[in-house]
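Notes follow once the structure below has been shown.
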Amino acid sequence: MFRFEARALLRCGAAVCLACVLALGARPALAERLPAVELFPSNTVLFLSLTNAAEFKERFSATALGRMGRDPQMRPLLEQVYGTLAQAFAAVQDDVGASLDELLAIPQGEIALGVVTREMQPPAAIVLLEARDNILTLSKLLQRGEALLEQRGAQRSSEIVGDAELVSYVLAVGPNGGRPQVAWCEKAGHLLLGNDPALIKGVLEAWESGRGNSLSQNPSYAAILSRCRGSADDAPQFIWYVDPIELVRSAGANNAQARVGLAILPALGLDGLKALGGTVALATEQYDYLTHFHVLLDSPRAGVVELVALSSGDNSPPAWVPADAASYSSLYWDFDKTYDKLERLVDSFQGQGAFARAVADRARDQLGVDLRDELLAALEGRVMLATWVEKPVTLTSQATVVGLRLKDPAAFQATFDKLTARFAAQLSRQTYGGVTYYELNTPLPNPNDQGEPRRPCFGIVGTDLVIADRASAFHRAVVTASDPANSLAGALDYKLVASKISRQPGGARAAMVSFNRPEEGMRMLYDLLTAQQTREGLRRGAQQSELLRGLNQALEQNPLPPFSVLQQYLAPGGALLSDDETGIHYTSFALRRKE
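Each position in the sequence shown, counted from 1, maps to that position plus 10 in the numbering used here.
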């Protein structure tokens, strides 16, 4: 794989990369430039782009977290916490060559990273950073990096490309005999940084004349972006793309083990994985955030890829999910199809009957039932997951319940009885609300011994086999199922999110949908942060750490406001997973509360 060998380069590059990541404090671009996706070549196999640091900062400020941070009751605390971080950073400020404020102010436009394949060589990396008026700060960092490189005996060269100077350093001989390089140039308030001068030169030439074969014209990239870009109102601020197989093929070109692994991909069907990519949009007209993630697959699918047997159906919450659930998900999966494809795949490698001997026969011996004919055949193919927070709040307060929809609960009872009889020594038979369930005798471990011991349990509730991580959660499911009016299905915020899901591409026939209330997770975190035990732990840590001392002082001088102050900014969200002819698509979002 490509690497920078010199410690000096790492020190210089760390400052530049930190500035790239912390995209804050920006102004609009002063001159037109093609976006990085038009400048980077089509054989870019990894691409990350923050399209505009200024817009990203503005959009983030309008999100729930941004508005929460600007609240008059939260701002003093956050400013003091930031001051503590800035003070801690001051210890390395001389080594970096800039203060934390200066680093945060560098990005003023697009920040992009590309990894590009090369003939008979490991891939090369390139970073584009639009600094505009703050290019002087960046230049100081580069000068410090040059001085360090020259101290290590690196050889400098330069050439003029158009109106820019391209500076290159060849480092000392690496452990594998190579001569690593680092190169950069400044142009119109931009920095181009990478480990291949030829790649930077190509980007500079494309800057001046346009590129005829850019990443934007790569069919895989174009296909993913067409599914992820969204409407004009949902234009993304962050874009990412990766061609994993080409990336591994290029990085492992000189590695025998990598070549062997790549050679078996067609047999497994993994060569049908063409690319992955996605987008993130913040503070749109309707959403606090909107993310898209697409897995681009070849058609027809084969091998391992065929094991993903998504289906669809009614994803409404079952009666046992309480109305105040923190999250809920429903997934449809064709278990029979996955079983058949897996059996065929295993037998193709290990011989006829190999899968039956390794899985089916072993499952029958251990469970006492037939995996295919008694277990999988009883399942409808729907899996549900719900969580809620139990009081008092501890590290283990989040209760988790899983439901498996049964085709015929009465017919499954015989199989259920055989399973419980098989493990009678490890189970205790219990009854609650007229429902029989079985509880494990051995409890799950509790962090720091907080809360009551959690013993997983399971039983049939209505049409579902329900599995809970504790008896109290199972009891709650039983009580809720007896009065469906208290179920999540009737909650207004769930109905609103469900309507938004149905309008997303693929939402009408989604294989998976989910619903979440971030305020419930925030409430749990808030209660933990304000708990006496947490505060005492922070005070003890403050005696050992300057950073923790500053955080503890900030919390004592500016206590957290009432939870209602934070709650007003949070809105519910959802997600869906769909399967179409191009691949598998995932969308997630949170609704946006109006200011």
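Don't be surprised by glycine CBs; every beta carbon is placed ideally from N, CA and C.
Assign residue 127 to buried or exposed, taking buried as 16 or more other Cβ atoms, counted over all protein chains shown, within 10 Å of its Cβ.
buried
Just mark residue 295 as buried or exposed, buried being the case when its beta carbon has 16 or more other beta carbons within 10 Å.
exposed
Please determine, among 555, 219 and 194, the residue with the shortest C-alpha to C-alpha distance to residue 207.
194
For residue 162, name the three-state secondary structure that DSSP assigns.
coil
Is residue 32 helix, strand or coil when you go by DSSP?
Because residue 32 sits at a pLDDT of 39, beneath the cut-off of 50, its placement in the model cannot be relied upon, and the following sentence gives the value as read from the coordinates. Note: residue 32 maps to coil in three-state DSSP.
Nearest by alpha-carbon distance to residue 375: which of 332, 319, 432 and 407 is it?
432
By the 10 Å Cβ neighbour count, where 16 or more other Cβ atoms means buried, how is residue 197 classified, buried or exposed?
buried
So, residue 212 versus residue 51, is the Cβ gap smaller than 8 Å?
Yes, they are a contact pair.
List the whole-angstrom C-beta distance separating residue 234 from residue 61, where the pair is believed to meet the contact cut-off of C-beta under 8 Å.
16 Å between Cβ atoms; not a contact.
How should residue 293 be labelled, buried or exposed, when 16 other C-beta atoms within 10 angstroms of its C-beta is the threshold for buried?
buried
When we look at the beta-carbon of residue 240 and count the other beta-carbons within 10 Å, is it buried (16 or more) or exposed?
buried
Leaving aside the five residues before and after residue 572 along the sequence, list all residues of the same chain whose C-beta is less than 7 Å from its C-beta, in chain order.
none
Tell me the residue span of the beta strand (DSSP E) that contains residue 515.
Residue 515 -> no beta strand (DSSP E), and no H or E assigned at all.
Per DSSP, what kind of secondary structure is residue 398 in: helix, strand or coil?
strand
Give me, in chain order, the residues of the same chain whose beta-carbon lies closer than 6 Å to that of residue 123; leave out the 5 immediate sequence neighbours on both sides.
58 and 137
Alpha helix (DSSP H) containing residue 593: first to last residue?
Looking at the DSSP string, residue 593 is not in any alpha helix (DSSP H); the run it does join, the beta strand (DSSP E), is 593 to 601.
Helix, strand or coil, according to DSSP, for residue 129 in the structure here?
coil
Count the other C-beta atoms from every protein chain shown that fall within 10 angstroms of the C-beta of residue 117, then say buried if there are 16 or more, exposed otherwise.
buried
Using three-state DSSP, classify residue 8 as helix, strand or coil.
Outside the modelled stretch of the chain, which goes from 11 to 605, sits residue 8, for which no answer is possible.
Between which two residues does the beta strand (DSSP E) containing residue 526 stretch?
522 to 526
Between the alpha carbons of residue 356 and residue 260, how many angstroms are there, rounded?
Taking the straight line from one Cα to the other gives about 29 Å.
By DSSP, does residue 197 sit in helix, in strand, or in coil?
strand
Closest to residue 201 by CA distance: which of 229, 119, 254 and 492 is it?
119
Can you tell me which of 333, 81, 373 and 285 puts its alpha carbon nearest to the alpha carbon of residue 500?
333
Does the structure place the region 577 to 590 close enough to the region 73 to 87 that three or more beta carbon pairs sit under 8 Å?
yes
Nearest to residue 569 by alpha carbon, out of 413, 168, 402 and 536?
536
Can you find at least 3 beta carbon pairs, one from the region 415 to 425 and one from the region 437 to 456, that sit closer than 8 Å?
No, the region 415 to 425 is not in contact with the region 437 to 456.
Can you check which of these residues, 339, 482, 529 and 192, is closest to residue 178 by C-alpha distance?
192
Note down, in chain order, each residue of its chain lying with its Cβ closer than 8 Å to the Cβ of residue 548, except the 5 sequence neighbours on either side.
558, 561, 562 and 565
Per the contact definition of three or more C-beta pairs closer than 8 Å, is the region 166 to 178 in contact with the region 97 to 113?
no
Can you tell me where the beta strand (DSSP E) with residue 590 in it begins and where it stops?
That run of the beta strand (DSSP E) goes 583 to 590.
I'd like the span of the alpha helix (DSSP H) that includes residue 484, first residue to last.
481 to 491
According to DSSP, what are the bridge partners of residue 137?
123 and 203
Taking 8 Å as the threshold (C-beta atoms), are residue 262 and residue 314 in contact?
no
Quick one: using the 10 Å Cβ neighbour count with 16 as the cut-off for buried, is residue 449 buried or exposed?
buried
Residue 326 to residue 521, Cα distance in whole Å?
12 Å
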